Amino acid sequence: MQSKPFLRTLCLLLVTLFLTGLCRAVIATPPAAKAGKIDQVTFIHCGTLIDEVSDEPRQNALVEISGGKFRAITSYTPGFAKPSGAAFIDLASETCVPGLVDSHTHILLQGDQKPGQYDEQILKWSLPYRTILGTQSARRALEYGFTTIRDLETEGAYYADVSIRDAIKQGIIPGPRMLVVTRALNVTGAYAIEGYDPAWNFPHGVQVVDGPVECRKAVREQISNGADWIKVYADQHVSTSNVVHSIPTFTPEELHAIVDEAHRERHKVAAHAMGLEGVHNAVEAGVDSIEHGAYIADDDLKTMVAHGIWYVPTLYIFVYSEEIHQAGGFPGWEGGVGIHAETFRRALKAGAKIAFGTDVGGFEWTINPAKEFPLMVDYGMTPAQALHAATVSGAELVDMKDQIGSVEPGKFADLVAVSGNPLDDIKVLENVNFVMKEGVVFKRPDKP
Ligand SMILES: [Zn+2]
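Numbering of the sequence shown is given in our numbering, commencing with residue 170 and proceeding in unit increments.
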């Protein structure tokens, strides 16, 4: 027997209203974990402070923080008495620098350069398991001193980066501030998983799209699902000689559709581009950053400089991959490291905007991505330029230069500290022993 329609409708309405209210209450409840700490007034004595504003490091600086932001930077004088209720952190024997920015990471990838690693993660690991590992990678990034990361695709883990970004933002789990691209875009036949029986449908590490209409639709879909940036693969299958050639993936028409759609929705586009043809097409389409750029023609460098297109070279992953090859892993790329280094030198000379990015996740997260710094110096940057690439330049790349990248009143209190001076020895950035993000301390030196 059926119930009367009116009563049934009323019951359904009441249940719906109750559940909606309950869900809103749960979602709106701020996590308790970090809620109280951000209002703490804190004073930090930095023995040396590289604030990325002044030309010279400041000695014995006193940094005042409240509400998660820097409030004042003055001089520390012996006998300083902190106001009651305020906290004091003694970093007198440390050098403080702004929180670092890694502009090319993959928290949902746990190393994919060794044979079998990629397929195992995509085919055998569940999405929940990969997401749990992603939270671990995010925490590691923060502990290495990277308080902001631009995470450049989930490699088959769909929109898990959006969830992790939001959980960090809400203080539920520790991690850096994240900008995410979600799934990334590539064409049919150009991206793993490849090489299996075509009778079966295997998943891919990207969203596969063909033709301008599908390209535009995917951009809309990714943005509506939380993407901060769009990532596109502009080429594949690199062959090396003195000039690195690549096979373009998207046609210029498709690339243009992606860039136009993303820009129309006020989002930026990062292009994976390794060789001459891929870089050229991406630059001509008006992307906002070139990732890897093993070879970039001088004319394209000129266009990048003229249009302010960023170069994120990711030097260490090339060295790491070469080491895997030498140890008998993936087929090698003879001469690739040298060509990349030469491109970096030419880009520097041409005045291209270069941001620090590592591709960590391509190599294991147990390796500190700060290994990128000494390579940037080996290939021609001064230590100050390399640090700048991971602070002020990283901040500008992610459109947050008014909020992060330097130690100035009004900016987020993101601060890391090291023993020694990175301007004398850039390698000290591989041993960060103090990390603060938005006024909250996540790591500090062990004091006896
Ligand atoms: Zn990457």
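Even for Gly, the Cβ is constructed at its ideal location relative to N, Cα and C.
Just so you know, these numbers come straight off a predicted model, no measurement behind them.
Length of the line joining the Cα atoms of residue i and residue j
i	j	result
Phe532	Phe249	45 Å
Asn370	Gly589	54 Å
Ile337	Phe611	13 Å
Gly236	Glu577	14 Å
Ala230	Met545	28 Å
Gly549	His373	38 Å
Ile493	Ile234	45 Å
Ile137	Arg514	Within the shown structure, residues of the chain are numbered from 170 to 617, placing residue 137 beyond reach of any answer.
Ile196	Gln339	Residue confidence for Ile196 is low, a pLDDT of 37 falling below 50, so the modelled location carries little weight; the figure read from the coordinates is stated next. Going by the C-alpha atoms only, they are around 10 Å apart.
Leu296	Lys251	48 Å
Cys384	Pro226	47 Å
Ser262	Ile213	12 Å
Glu460	Ala368	34 Å
Asn355	Ser408	19 Å
Asp397	Thr246	44 Å
Asp547	Asp335	37 Å
Gly474	Leu517	For the record, residue 474 in the displayed sequence is Val; it is not Gly. Taking the straight line joining both Cα atoms gives about 11 Å.
Phe257	Val210	9 Å
Gly166	Ile342	The structure shown has nothing for residue 166, since the chain only spans 170 to 617.
Leu470	Leu566	17 Å
Ala553	His432	33 Å
Ser223	His476	28 Å
Leu572	Ala564	It is worth fixing the name first, because residue 572 is Gln in this sequence and not Leu. Straight-line Cα distance between these residues: approximately 8 Å.
Val604	Ala519	34 Å
Asp593	Val349	34 Å
Ile242	Pro381	51 Å
Lys580	Val438	26 Å
Leu260	Cys215	5 Å
Thr323	Gly530	10 Å
Contact under 8 Å by Cβ, residue i with residue j
i	j	result
Asp528	Ile486	yes
Val266	Ile219	yes
Ala466	Tyr402	no
His425	Ala454	yes
Arg299	Gln290	yes
Ile392	Ile333	no
Gln282	Ser562	no
Phe542	Ala555	yes
Gly274	Ala310	For the record, residue 274 in the displayed sequence is Thr; it is not Gly. Yes; because the gap between Cβ atoms is below 8 Å, this pair is in contact.
Val587	Asn600	yes
Tyr480	Val413	no
Gly505	Pro482	no
Thr351	Asp330	yes
Gly344	Arg389	no
Gly314	Leu598	yes
Burial state of residue i, where buried means 16 or more other Cβ atoms lie within 10 Å
i	result
Leu292	exposed
Lys400	buried
Ser415	buried
Ser458	buried
Ser253	exposed
Asn394	exposed
His557	buried
Asn411	exposed
Gly497	exposed
Pro284	exposed
Ile538	Reading off the sequence shown, one finds Pro at residue 538, where the question assumed Ile. Pro538 should be labelled buried.
Asp404	buried
Thr418	buried
Asp320	buried
Proximity test, residue i beta-carbon vs ligand 2 heavy atom, cut-off 7 Å
i	result
Tyr485	For the structure depicted, ligand 2 is absent and the ligand set comprises only ligand 1.
C-beta neighbour in chain E for residue i, strict 8 Å
i	result
Gly574	Of the protein chains in the structure, only one exists, and it is not chain E.
Chain-ordered list of residues that sit, by beta carbon, closer than 6 Å to a heavy atom of ligand 1: Going by the Cβ distance cut-off, the answer is His273, His275, Leu321, Asp528 and Gly531.
Ignoring anything shorter than 4 residues, give me the alpha helix (DSSP H) runs that lie fully in the segment 545-574, in order along the chain. Complete alpha helix (DSSP H) runs here, min 4: 552-558 and 561-566.
What beta strand (DSSP E) runs, 3 residues minimum, are completely inside the segment 227-308? 227-235, 238-244, 256-267 and 269-274
Considering only residues of the segment 386-418, which uninterrupted beta strand (DSSP E) runs meet the minimum length of 3 residues and lie entirely inside it, listed in chain order? Here the runs fully enclosed are 398-402, 404-408 and 414-417.
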